[in-house]
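First comes the structure, then the notes that go with it.
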Amino acid sequence: MPLPYRGRGPRLAGSRVVTTSLPRATPRSPRRAGRGAPLLSHAQRLTRRRHSSEQVPPEPEPPADFRSGKWLQERAGGDSRASRQALRAGMSSRHRICGQEEVVIPCASDNDSGSVDLQLNNLEDVKKGPSSFEFTDLDISDIPGLPRESFSCSFGYPTHQGPLSEAIIERLIQSIQAVFNGELKDELEKLTFLRSLSSLSQTLSYDETAESFIHSHVANIVHALNVLVQEEPLHSLFSPVRQEVFVTITDLSYQDVHLLFGSEERAELFSLITKSMITLPSVRNLTQLQEIMPSGPYNSEYLYRLTFQAFFEMLQSLVIKDPHLENLDTILKHMDPWLQSIKDHERERATASMAKVLKCLSRHLSLKFPLRFQRLGHLVALMALLCGDPVKEVAEEAAEGTHYLLYITQRLKYTTHDKENHQSLRRALKKCREFLELYNIKQFYSCPFEIAQVFEVFLNPNELCQFVMTTLDGLKNLKNPCIQESAGELLITLVKNAASRFEKVPEIIGVICARLSIISQPSVHQQIINAVSLLISRPKYTDTVLSHLLCHPIPYDRHLAELWRSLEVELPSTTWILWRLLRKLQKYHNVPTQEKMAYEAVAATDALYEVFVGNRLLAATFRLFPQLLMTLLIQIHHSIGLTMSDVAVPVGLYPQQEVPSEATPLSFAMQAIKTLLLRTFCWQEFNIMEKNKGWALLERKDCHLQGVFLLANALRERSHHLACKVLYLLVPLLNRGNDEHKLTSAGFFVELLQSPVARRLPGIYSIARLKDWLHHGNNLFRIVALRGLYNLARHQEMREDIKSLLPCILDSLCEADEEIVLLTIQTLLQLVRTMDFTTLAAMMRTLFSLFGDVRPGVHRFSMVLFGASIKSVKYSDKKNIEKQVLDSLVPLLLYSQDENDAVAEESRQVLTICAQFLKWRLPQEVYCKEPWYIKPTEAGTVCKFFGKKCKGKINILAQTLMYSKNAKLPIRRSAVMFVGLLSKYADRSELRMKGTDWIEDDLRGLLQDPEPSLRVIAFQALYRVQKVRTEPEPEQTVCWLRRLMGCLPT
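So for the sequence shown, numbering that gives the first Met the number 0 puts the first residue at 0; every next one is plus one.
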């Protein structure tokens, strides 16, 4: 079917001549209005170019040209007429697809200079209504380098010389309908179909039949175009079909028939068209391909440029009437992956396409609510990254696109700003102008961080987040290191200037952490860490950033570990950051012990370790040393015996890897506290802990307090000033937190009470708390209390205050816990000289009951305290205490034969004290260390001495016989031997009166003892007792000296 002539006929297929005007500002420039000179509208200039052979005189160039050389003329965006004529020259007349015609780009030309003069100062003249501000176009600043494009310029839609007849329209419809019912077999049929559609589109404004047909068959048209594009080869360009598809879509778009928006199939067509153009080989490759595979009448290079020109015109037609920016959003969605392509020629084409779209939009921007473009931040970041592209052509195209985008952004913010925030808009515009005045325009658009500075003032929090996320995506570009550099510069600039307005900080930190491992350049890596440092140093975001960083697997990988170690924070913020990190750990110490330990607590411990290793927060570490030390000690206490299976690990945190078996909560806490001591120069304390196996003590549940005591004493001895700080810190913390928290704090506290500083503590903070702990149900708290009292009693001036606690302390002598009893005895040794007689006598009775205790330590130290008590008895009270002293002689004498050398030696020493108290002189045989059964002669001497001295004072024989049933063999053996020897010096008349049966019965029972030595000694003792019973009492002989003097001194 013949088609209407597309050359000089009614429809100029290759020419998109435009007329009509936009309903915007007046068609007169304010700069010329005063002179009364009328301004030619854009439509008028286009009409003159079309109908006259005269050439329109060249108008002034735009303020900034971002392309090098004659790029504008050589690229697809150049003079379409020249390119099309060259294309026709390369074609035979048989295959020409266009007649002799002019092609006009459907947007304002670069030379349109009749713009409204937009001055910042005009904002001062804003008319204030009674309740709101009235804005005009004059409110936008005159920014250096931005095009002063006329908003009064006309832009129209394609027209034809005259209307088509109904017959022609019917034939067009029939030919198109035939395609819907059949298929297109060759190139000529395809071109015929496309030109028919394009021609029919021109009749929609006046022919209802054509309009009804087109609107009712949009789905068929979209499907047909989809098939045509799919049939075109992806890696070659030998046919003008693609160009005609773009022309057809453009023509229909001008008639408000949109084939690329509104449904899933249309979106697929848009995606397919975009891909088919962007993925074409470069011009050089196409030329080489043509040499290998001749393409017939078409010159590939010119066909390539003309096709791209049609593609650009198609994109521009989509945004000319886009008051809601909905189409811009769709275009960006389809161009997005190509703008970030790793292939240079694809990225260059996508950038050039986007620049054309932004340029056209900036000329015909007429915004209306609601605005559906919500990705401004993303677009700005993309263009800024592309401005730093290593490919020169990409950077130049991006610079031009950014140039127009800045203007669009200003108009957008002017339209959408809240009138109540008028001053905020003024400040943003002023700041933008100040920045631009500082920079050379060409340098500005080639410097991404300067672009970020300028655009930042206009972006709202959500757009800033988009900007940051897109910038972080640029870090994934491993092929082009300079893109990573640009992303690093953009990010650090934005964080410095606009961090206070950020939203979705956790998501930002999450992406940063994910990108750390793929950043190849050390400088960019440090920039990213600096960005995190800036965010974390802002009190508004500190907790948020910390919480997200703590939600990563531990131990941290080398990238996150480096982040913790390399935090670059200004000095005033270091303490704040370290304190907030510490609080993340401390908050879990103030709650009741849970079934599983919180993961954040373990992660915070590991983070503290990494911070200490990095040593960037040293000043804060010294300042917070007391809190850090105590918190880590408490964390160690909580972690004893736990593995990572005892930690509440968030679901999905370790999706592909298991937690290393050597990683435990305790190991993290131990390495952190060791590193803390080393970083704060506590080397001697570290050495003391290592030499005395203090670290092993801390790790054991039953010895943890011993490790705490050791570390506290080491700190007190070697770093007294730090110990004092810890002491003052602990005063308010002793009653906080759970049992582990209180116990570790109390243990450290009581050891520091040895310090002279402790004397200045009010009693309510020292003695009163120790008294409470004495009555605590947990024995460990009682141990801590007694240790604290012992340390306080070292200060002479504190002993009087402690005396009020003596009844409670004495009660502790009867405890089953050996450590409690020993600490009680040690404390009483400090206080024994301050006791009154009643307390002293009661204590001695209790101590006497501990003689022979199965616990060697209790046995020994009870005798030590007993001896100290005897020494402390005042002269006036000696008579009252003598009976207790005499009763202690036999036990002390027998225990001098104990198998424990320390007990035996202590018994001899206390026996000496008792003898001194009684004013006796003990025979030297008492101090013999050999067993009595080996030295019977010495044993006889000792028995003779005590038998005579105790006669009539105590029943020494009965007391000794009680120990014949002692659990210890040496004591039983000594007691039985002593009974046999004592019987010789006993009062025979009394023995006869009472009888010896009770003694003999006990001795006969011992004849069955499994120990042979004891049976022999028992037999000898029984023989001596029976002999005493049967033999008459010997005559009393008195030497002549006694008769002379009447008595002998003892």
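The beta-carbon is built from N, C-alpha and C at its ideal position, and this holds for glycine as well. As the structure is a prediction and not an experimental result, all values here were calculated from the model.
Spell out the partners DSSP gives residue i in its beta bridges.
i      : result
ALA647 : ALA597
Specify the secondary structure class of residue i as computed by DSSP and reduced to three states.
i       : result
PHE851  : A quick correction: the sequence has Gly, not Phe, at residue 851. The answer is coil: DSSP assigns GLY851 none of H, G, I, E or B.
SER262  : coil
GLY155  : Only weak support exists for where GLY155 lies, its pLDDT of 39 falling under 50; the coordinates are left without a value.
ASN1050 : Residue 1050 lies beyond the residue range present for the chain, which begins at 0 and ends at 1049; the question has no answer from this structure.
LEU370  : coil
PRO389  : coil
TRP575  : helix
PRO731  : helix
VAL909  : helix
PHE448  : helix
CYS1057 : Because the chain here runs from 0 to 1049, residue 1057 falls outside it and cannot be looked at.
THR679  : coil
MET834  : coil
LYS928  : coil
TRP337  : helix
VAL246  : helix
ALA668  : helix
ARG47   : In this prediction, ARG47 scores a pLDDT of 34, lower than 50, which makes its location untrustworthy; the coordinate-derived value is nonetheless stated afterwards. It is helical.
PHE269  : helix
ILE139  : The pLDDT assigned to ILE139 is 42, lower than 50, so where the model puts this residue is not dependable, and the model offers no usable value.
CYS702  : coil
ARG283  : helix
HIS323  : coil
VAL456  : coil
THR663  : coil
LEU1013 : helix
LYS943  : helix
For residue i versus residue j, is the C-beta spacing smaller than 8 Å?
i       : j      : result
PHE260  : THR329 : yes
VAL872  : LEU839 : yes
LEU632  : PHE780 : no
SER200  : VAL282 : no
ASP250  : SER164 : no
ALA597  : ALA647 : yes
VAL978  : ILE998 : yes
LEU956  : VAL975 : no
GLN1052 : ALA380 : For residue 1052 there is no data in the structure shown, the boundaries of the chain being 0 and 1049.
LEU891  : CYS913 : yes
VAL228  : ILE272 : yes
LEU331  : ARG374 : yes
LEU463  : ILE518 : no
PRO460  : ARG500 : yes
THR674  : ALA618 : no
ILE511  : LEU570 : no
ASN225  : LEU268 : yes
Determine whether the Cβ of residue i lies closer than 8 Å to any Cβ atom of chain D.
i      : result
ASP335 : Considering every chain present, this structure includes no chain D. It has just one protein chain.
Mind the definition here: the stretch 373 to 384 touches the stretch 470 to 485 only if three or more C-beta pairs lie below 8 Å; say whether that holds. Using a C-beta cut-off of 8 Å, the stretch 373 to 384 makes contact with the stretch 470 to 485, since at least three inter-stretch Cβ pairs fall below that distance.
May I have a chain-ordered list of the alpha helix (DSSP H) segments no shorter than 4 residues that lie completely inside the stretch 578 to 626? Fully enclosed alpha helix (DSSP H) runs of 4 or longer: 598 to 613, 617 to 622.
Evaluate contact between the stretch 733 to 740 and the stretch 711 to 720, counting only Cβ atoms and requiring at least three cross-stretch pairs below 8 Å. A contact between stretches requires three or more CB pairs, one per stretch, nearer than 8 Å, and the stretch 733 to 740 fails this requirement with the stretch 711 to 720.
Length at least 4, wholly inside the stretch 843 to 903: the alpha helix (DSSP H) runs in chain order: You should have 855 to 871, 877 to 886, 888 to 894.
Check whether the stretch 861 to 876 and the stretch 926 to 936 are in contact - that is, three or more C-beta pairs closer than 8 Å. The stretch 861 to 876 is not in contact with the stretch 926 to 936.
Using 8 Å as the Cβ pair cut-off and three pairs as the minimum, do the stretch 783 to 802 and the stretch 753 to 761 touch? Taking 8 Å as the limit for Cβ pairs, the verdict is that the stretch 753 to 761 does touch the stretch 783 to 802.
Are the stretch 602 to 609 and the stretch 550 to 560 in contact at 8 Å, needing three or more beta carbon pairs? A contact exists between the stretch 602 to 609 and the stretch 550 to 560.
Does the stretch 410 to 424 come close enough to the stretch 339 to 353 to have 3 or more Cβ pairs within less than 8 Å? The way I'd put it, the stretch 410 to 424 doesn't touch the stretch 339 to 353; fewer than three beta-carbon pairs between them come closer than 8 Å.
Do the stretch 956 to 966 and the stretch 912 to 921 meet, that is, are 3 or more Cβ pairs less than 8 Å apart? No, the stretch 956 to 966 does not touch the stretch 912 to 921.
So does the stretch 233 to 250 actually touch the stretch 202 to 218, counting three or more Cβ pairs closer than 8 Å? The stretch 233 to 250 makes no contact with the stretch 202 to 218; the number of CB pairs closer than 8 Å stays below 3.
Does the contact criterion of 3 or more C-beta pairs under 8 Å hold for the stretch 581 to 590 versus the stretch 559 to 569? Touching, no.
List, from N- to C-terminal side, the beta strand (DSSP E) runs of 3 residues or more that fit wholly inside the stretch 728 to 803. List check, beta strand (DSSP E) in window: nothing returned.
Taking contact to mean 3 or more Cβ pairs, one atom from each stretch, closer than 8 Å, check whether the stretch 684 to 691 and the stretch 622 to 630 are in contact. Below 8 Å, too few C-beta pairs join the stretch 684 to 691 and the stretch 622 to 630 to call them touching: fewer than three.
Across the stretch 353 to 366 and the stretch 296 to 316, are there enough close Cβ pairs to call them in contact, namely three or more that are closer than 8 Å? Yes, the stretch 353 to 366 is in contact with the stretch 296 to 316.
Kindly provide the ranges of any alpha helix (DSSP H) runs that are 4 or more residues long and lie completely inside the stretch 464 to 541, ordered along the chain. List check, alpha helix (DSSP H) in window: 480 to 497, 504 to 514, 521 to 536.
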